[in-house]
Amino acid sequence: MAIRGDWFYEESESWPGQAFGIRIKKILYEGKTMFQEVLVFESTDYGNVLVLDGVVQATERDEFAYQEMITHLAMMSHQNPQKVLVVGGGDGGCVREVLKHKSVQRVDLVEIDRTVIDLSLKYLPEMSKYLNGYESENQESKNDPRVHVHICDGFKYLAEHTDQYDIIISDTSDPDGPAEQLFGKNYFQLLNQALTSQGVIAMQASENIWLRLDILKSLQETCSEVFPVVNYASTCVPTYTSGQLGLLLCAKDKNTNLKQPQKSWEDVKLNNASNKYYNEKIHASSFVLPTFVKRFISN
Ligand code: SAM
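Quick note on numbering: full-length UniProt numbering labels position 204 of the sequence shown as 204, and the sequence is numbered without any gaps.
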C-alpha cells in the first residue's frame, strides 16, 4: 500500500507490474488492529473507501456491484433461503443484500475484527446500517431483528455449527492475514458441513481472470473435491484489482442449478427491495467464460 501526495495506490506482488490509484480528499482513519492494518479515507470520486492490509475492500461508489452479485447469485439459486451466514463481511454490505429477501428469517454475521464494523458504522453508513446496535446483549441489530452479529473467527464458528444454513456467503479479505485459512480444503469442508441439504455457498475467489488463472484453477479443483457443483462467476468492480472479481458458487446437492435464477426477483423481494446491478439476465451471463479462461476454469 502506498500513499503518495494525495493519492492512495494499491500495490502488491500478487499483481506485479500494475497498481491502482484512488485520489484522496481526506484521511478519516489510519490504524492497526490485532488482525490487520486499517485505512479509511474520503476519496474525490469514489466516496469513502475502506482498505485492509493495503487492499481495497469497498468504496461507496461501486460496492453494490460486488455485494449484490455475491449475495443474489446464491440466494436466487435456492428455492427458500431462510437461514443465512455471512463470514467476514464486516462492512455490512452482504447483510444489507440478504435482508432484501422476504424468505430470510435470520442472518448471522461472523466478523473477526470489530474495528471494521465500528468504522463501517461510522464511515460506510449505507453498507453497515443493519449492523447498528450489534453490541446489544444478544447481538441483535436495532434496524432489523433478523440480524445477529458474532465477533469471532469464521473458521472456529463454522466448526461449531453444522447443518444449519441454507446460504453461506464467504465475504472475507484476501488469503493472507486473518483470512489465510479461509481458502483451503478444510475450510470448504466446514462450509459444506454447515449447510443444510439444498445449501449454496458464494465465495469471493480473491483472484481474477487477468492475474493468476493457475490459482483460480486449483481453487476450483479443491472446491470440487468437496462440492458436487462448483461454478465461477464474474462481477465488474472498478476499484478491485483489474476491475473484474471472480466469485465461486458451490452447491451441496448435485442437482442444484447455480447458473440460472430459480425464481423471479418480483417473487422474492421484501417490500420494494431493488438492485442497481443484479438482474436475472446478468445472473446467467456472469457464468459465461471468455475463451482464454476456459482452459483453466470449467463451468
Ligand atoms: N468485499 C471484500 C473483498 O471482496 O475482499 C471483503 C470485505 S469484508 C470487509 C472482509 C472481512 O473479512 C474483514 O472485515 C475481515 O476482518 C474479515 N475476516 C478476515 N478473516 C476472517 C476470519 N478468519 N473470520 C471472520 N472474519 C474474517
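All C-beta atoms, glycine included, are put in the ideal place defined by N, C-alpha and C. Keep in mind the model is a prediction, meaning the values are calculated, not measured.
For Arg4, the three-state secondary structure derived from DSSP is strand.
Counting only unbroken stretches of 4 or more residues, the alpha helix (DSSP H) elements lying wholly within the segment 208 to 263 are 213 to 224, in sequence order. Burial check for Val288: the Cβ neighbour count within 10 Å stays below 16, so the residue is exposed.
Arg4 counts as exposed, since fewer than 16 other beta carbons sit within 10 angstroms of its beta carbon. At least 8 angstroms separates the beta-carbon of Lys122 from that of Gly133.
In this structure Val55 touches Ser173 by the C-beta definition: roughly 7 angstroms separates them, less than 8 angstroms. Closest option to Tyr66, judged by alpha-carbon separation, among Gly177, Asn299, Tyr240: Tyr240. Rounded to the nearest whole angstrom, the C-alpha separation of Leu119 and Ile169 is 21 angstroms. With fewer than 16 other beta carbons inside 10 angstroms of its own, Cys152 counts as exposed. Considering only Leu73, Glu60, Phe64, the residue with the shortest C-alpha distance to Met203 is Leu73.
Two segments are said to touch when three or more pairs of C-beta atoms, one from each, lie closer than 8 angstroms; by this definition the segment 260 to 270 touches the segment 94 to 107. The three-state secondary structure of Ala58, taken from DSSP, is strand.
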